[in-house]
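Throughout, the numbering used here is defined as the position within the sequence shown, counted from one, plus 412. Below you'll find the structure, written out as structure tokens, and then a few comments.
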Amino acid sequence: MSKIAIDLKSGDIKKEERIIVGIDLGTTNSLIAYINDGQPTVMPDHDGKSVLVPSVIYFDENDLASIGEIAKDKLISDPSRTIFSVKRLMGRSFNDVENSKDFFSYEILDTDVESLVKVKSGKKYYTPVELSAIILKELKARAELVLNQEVHECVITVPAYFNDSQRQATKDAGKLAGWNVLRIVNEPTAAALAYGFDKTSEKSKNIAVYDLGGGTFDLSVLTLEDGIFEVLSTKGDTWLGGDDIDQAILQLIATKFQIDLDTLSSSERQQLRLLAEESKKQLSQKDDHSFIFLGKEITVNKAAVDAAIQPIIQKTIDLTINALKDAELKTQDIDDIIMVGGSTRIPAVKDAVSKFFGKKVNDSIDPDQVVALGAAVQADILAGNQSNLLLLDVTPLSLGIETMGGLMDVIIPRNTKIPSSAGRNYTTSIDGQINLKIAVYQGERDLVQNNRKLGEFILKGIPPMSAGLPKIEVSFWVDADGILIVRAKELRSNTETKVEIKAQYGISEEEMALMLIDSIKNAQTDIDSKALIEARNEAQNVIQSSEKFVKNHQLIFSEEQLLPLMMTVDELRKSIKGSDKDLINDIMHQLDQIGRPLAEIAMDKTIRESLTGKSII
413 MSKIAIDLKS GDIKKEERII VGIDLGTTNS LIAYINDGQP TVMPDHDGKS
463 VLVPSVIYFD ENDLASIGEI AKDKLISDPS RTIFSVKRLM GRSFNDVENS
513 KDFFSYEILD TDVESLVKVK SGKKYYTPVE LSAIILKELK ARAELVLNQE
563 VHECVITVPA YFNDSQRQAT KDAGKLAGWN VLRIVNEPTA AALAYGFDKT
613 SEKSKNIAVY DLGGGTFDLS VLTLEDGIFE VLSTKGDTWL GGDDIDQAIL
663 QLIATKFQID LDTLSSSERQ QLRLLAEESK KQLSQKDDHS FIFLGKEITV
713 NKAAVDAAIQ PIIQKTIDLT INALKDAELK TQDIDDIIMV GGSTRIPAVK
763 DAVSKFFGKK VNDSIDPDQV VALGAAVQAD ILAGNQSNLL LLDVTPLSLG
813 IETMGGLMDV IIPRNTKIPS SAGRNYTTSI DGQINLKIAV YQGERDLVQN
863 NRKLGEFILK GIPPMSAGLP KIEVSFWVDA DGILIVRAKE LRSNTETKVE
913 IKAQYGISEE EMALMLIDSI KNAQTDIDSK ALIEARNEAQ NVIQSSEKFV
963 KNHQLIFSEE QLLPLMMTVD ELRKSIKGSD KDLINDIMHQ LDQIGRPLAE
1013 IAMDKTIRES LTGKSII
């Protein structure tokens, strides 16, 4: 919202515009944009020529950093000190990237497999957060140069399929760079804003955003109705993009021209990677491209490259199919297809997407700039200059807690609109319990052992009560950035614990896909396992209540009267050690038949005693 300033001498009211910029922190290039005379505009460099800042950092021998084109020039001459594609490392551990180490020319370290991966340059070590912060500092300097004033507030975009850890890492990088990050915005949503769909005269519109960037792919399905953007579904891969296309072209060249990649130096390999990237760009405009590598003339043609990258394109189409299924829409239900990311310039990509949807795609805005422009629109909304628009994104996986027997109790289901909150009430299972461990999980399986643990905490200070009496409310809040906050509160005493769940590292795209596939493949197994655990849990409660009943009513009943009940309790206790759910339920039914007459006798005696000496009118 704009600030209002009052001149105390003159009494004049001055409106001070709040400046919030939008940032596209990309794998290949980064951009910064703002609203200039009512229009989103990408900021150029000091020469006013280029708006793209290559997401490349070079550290010299004194560990001083250069960013952008200057750094990119060092990829060949000094590859071990030149850091690129940092976005692919955000929120990831060494385990996540180990199989892709050869892609990078710099050293990636395994200092702690369960924490963020580190990068070595010279004698120093850097996390992806620190490296991203360096790029964000450069963007901050550019903004202050263009606007001729200090700028502190921003919106940063991320792929829709970035998980909690990757979003948090991005936000931390912004903070480290001196930014006040007001919002983390999904790139597809930003793209839709850039195209001005918020201003459309149509009441309802379904939009597919196909975003193939340098390192990531997302397909998001959005609907716009009465000024509300709603993300119906999103599918993606945080390790699929232009970098992989470059690698496929590189492999094609190596195979066709008998280049042994293992014998190449790091500099030569980087040179070939950059030549492959340039071939990709050139073949988007012509049928053949030639260059010299190691004294050999190499010619690549469009048809061969199209064939080499077809599996990558097909993978994006498969994810698109799944996104439409989740949104419960068909291709004919989609009104517009927006193309985002530099790799969508490839004719084979555009043709595949157009053929799949059966209509022409929309790439009228520069695919490299569209996300940054949309981020500027979102920034303008936060500045209070637009009030007719609401953005709603979704959670990519279900969120819940562990309950008795290792069951996953979902609190916020997958594809829930965010920001969102939900909660459930729970209780204790042990008499006098004063602490309760709450373990938070992400995934689609019924058993927590098959899902991913995000974190855990202890609710302390519960007043000692009988099992089942405490009322504990566990509530989840997923904020607009997709970051989870969990609160546990004992309602009788108002004892409360609140934590922000920060996973140490993110889920890889393979893990994400496997979670969803496994939930379908193992649906019946999960149902059976859940039913068995629930039967065991119920049996435990029945055993506890039966033993309490016997203890509290020994003066009412003889040992002979209680013997059948206790024998059946023993049978039930033995049955829960096995895996026969039906047997457990049968014995519980028998126990109910035996215990009900005894409970009725005890109740009658209690009522008679309470009425002794009293008259009823």
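Positions of the beta carbon are idealized from the N, C-alpha and C atoms, including for glycine. For clarity, every value in this text was computed on a predicted model and none was experimentally measured.
Identity of the residues DSSP links to residue i by a beta bridge
i, result
"D649", "F629"
"N598", "V570"
"I495", "I469"
"G867", "V852"
"D998", "D998 pairs with nothing; no bridge assigned."
"L634", "I619, V643"
"L521", "K530"
"M452", "Checking the displayed sequence, the identity of residue 452 turns out to be Pro instead of Met. According to DSSP, P452 bridges with I447."
"E709", "I704"
"F888", "A834, V898"
"G812", "V822, Y853"
Spatial neighbours of residue i in its chain, beta-carbon cut-off 6 Å, leaving aside the 5 residues before and after
i, result
"I758", "S696"
"S478", "Y470"
"T728", "F629"
"A620", "V633, I746, I749"
"T1018", "none"
"M751", "Y622, V773, D775, P779"
"V468", "A483, K484, F496"
"D821", "G812, I813, T815"
"E921", "Because E921 carries a pLDDT of 45, less than 50, the predicted location of this residue cannot be relied on, and no value is offered for it."
"G608", "none"
"R1020", "none"
"M924", "With a pLDDT of only 47 at M924, under the threshold of 50, the placement of this residue in the model should not be trusted, and no figure is reported."
"A735", "L631, V633, S645, K647"
Beta-carbon contacts of residue i that lie in its chain and below 8 Å, excluding the five residues immediately before and after
i, result
"I657", "K692, I721, I724, S755, I758"
"D700", "T711, V712, N713, K714"
"I884", "N837, Y838, T839, T840, L848, L871, I874, A900, K901, E902, L903"
"P456", "S462, V463, V558"
"E562", "E556"
"N997", "A947"
"I546", "I469, A477, I479, A589"
"L521", "F506, V529, K530, V531, K532, Y537"
Best match in the options for proximity to residue i [C-alpha to C-alpha]
i, options, result
"G835", "D843, P825, S841, I842", "P825"
"R681", "D576, V765, P491", "P491"
"G753", "F768, K708, G653, I823", "G653"
"I596", "A604, D576, A606, S679", "D576"
"Q973", "F961, K986, L1010", "L1010"
"E550", "N441, L662, S512, R579", "N441"
"A660", "V643, D718, T909", "D718"
"S679", "P540, I842, S489, D655", "S489"
"I432", "N953, K910, Q790, G817", "Q790"
"S810", "V890, L501, V783", "V890"
"Q1030", "G880, L819, V898", "Nothing about residue 1030 can be reported from this structure: the residues present for the chain run from 413 to 1029 only."
"E473", "P466, H458, T494", "T494"
"G894", "Q694, D940, P831, V954", "P831"
"K698", "A716, I897, T807", "A716"
"L636", "D655, Q781, S616", "S616"
"V541", "Y518, V498, V509", "V498"
"M979", "I1006, K963, N953, I988", "I1006"
"S887", "K737, F869, N906, K910", "K910"
"T439", "L543, S533, K708, N827", "L543"
"I988", "E599, F869, A951, K535", "A951"
"E908", "I850, Q726, E481", "I850"
Expected contact under 8 Å - CB spacing of residue i and residue j to nearest Å
i, j, result
"V454", "L437", "Going by Cβ atoms, the distance from V454 to L437 rounds to 14 Å, so no, they are not a contact pair."
"L686", "F703", "Going by Cβ atoms, the distance from L686 to F703 rounds to 10 Å, so no, they are not a contact pair."
"A445", "G460", "Contact doesn't hold; Cβ gap of about 15 Å is too wide."
"L673", "A739", "So it is not a contact: roughly 41 Å between Cβ atoms."
"E578", "M502", "A quick correction: the sequence has Gln, not Glu, at residue 578. About 5 Å; that satisfies the 8 Å criterion."
"G786", "A603", "5 Å"
"M807", "F769", "With the sequence shown as reference, residue 807 is identified as Thr, and Met is not the correct amino acid for it. The pair is not a contact, with the Cβ atoms about 26 Å apart (cut-off 8 Å)."
Contacting residues, own chain, Cβ-Cβ under 7 Å from residue i (five flanking each side not counted)
i, result
"A1014", "H965, I968"
"E1012", "none"
"K587", "V593"
"G844", "P876"
"D1016", "none"
Check whether the region 564-572 touches the region 585-596, counting contact only when three or more Cβ pairs, one atom from each stretch, lie closer than 8 Å.
-> Yes, the region 564-572 touches the region 585-596.
Contact the region 553-562 vs the region 578-588: 3+ CB pairs below 8 Å = Cβ pair count under 8 Å is below three, so no.
Okay, do the region 983-998 and the region 937-947 touch, 3+ Cβ pairs below 8 Å being the bar?
-> These segments touch.
For the region 659-679 against the region 762-774, are there 3 or more C-beta pairs whose distance is under 8 Å?
-> With the rule of 3 Cβ pairs closer than 8 Å, the region 659-679 does not count as touching the region 762-774.
Would you say the region 876-883 touches the region 852-863, given that touching needs at least three Cβ pairs under 8 Å?
-> No, they do not touch.
The region 977-985 in contact with the region 997-1009 per 3-pair CB rule at 8 Å = With a cut-off of 8 Å, the region 997-1009 and the region 977-985 count as touching, because enough Cβ pairs lie within range.
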